[in-house]
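Read through the structure below, which is laid out as structure tokens, and then see the notes.
Next up, the structure:
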């Protein structure tokens, strides 16, 4: 299995495998992509952990309609995730505690 973190409010679009764009007619099924009930906070943003099957090479992610409306004028489009991580890398990220922002005058 492979893993990736996705910002809360973003959705998964197209999926690629080794031969190209994932074809449900060839595979006879959708790719196995599952949101795990774990997340991290990074720079004040909630990042949810997802698990994908080994055949997945990369994914397109894009902001949901709600996020898109909130960000109008900020030029947010879709992003392609090319670097999926291993289970060990996901665990390592989950174990890192985010340092609180320094307060002015401290």
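In the numbering used here, the protein residues as written are 4 to 109.
Built from N, CA and C at the ideal position, the CB exists for glycine as well.
C-beta contact flag for residue i and residue j at 8 Å
i          : j          : result
residue 86 : residue 8  : no
residue 25 : residue 19 : yes
residue 37 : residue 17 : no
residue 60 : residue 21 : yes
residue 15 : residue 62 : yes
Distance, residue j Cα to residue i Cα
i          : j          : result
residue 52 : residue 82 : 17 Å
residue 91 : residue 33 : 26 Å
residue 11 : residue 35 : 19 Å
residue 99 : residue 41 : 13 Å
6 Å Cβ shell around residue i - same chain, five flanking residues per side excluded
i          : result
residue 68 : none
residue 5  : 55, 87
residue 58 : 20
Backbone secondary structure at residue i - three-state DSSP
i          : result
residue 40 : strand
residue 63 : strand
Limits of the unbroken alpha helix (DSSP H) element including residue i
i         : result
residue 2 : Shown here, the chain extends from 4 to 109; a query on residue 2 therefore has no answer.
Residue i, enclosing beta strand (DSSP E) - first and last residue
i          : result
residue 10 : 5-10
residue 1  : No answer is possible for residue 1: it lies beyond the span of the chain, which begins at 4 and ends at 109.
residue 16 : 13-20
residue 56 : Looking at the DSSP string, residue 56 is not in any beta strand (DSSP E), and its letter there is neither H nor E.
residue 84 : 82-84
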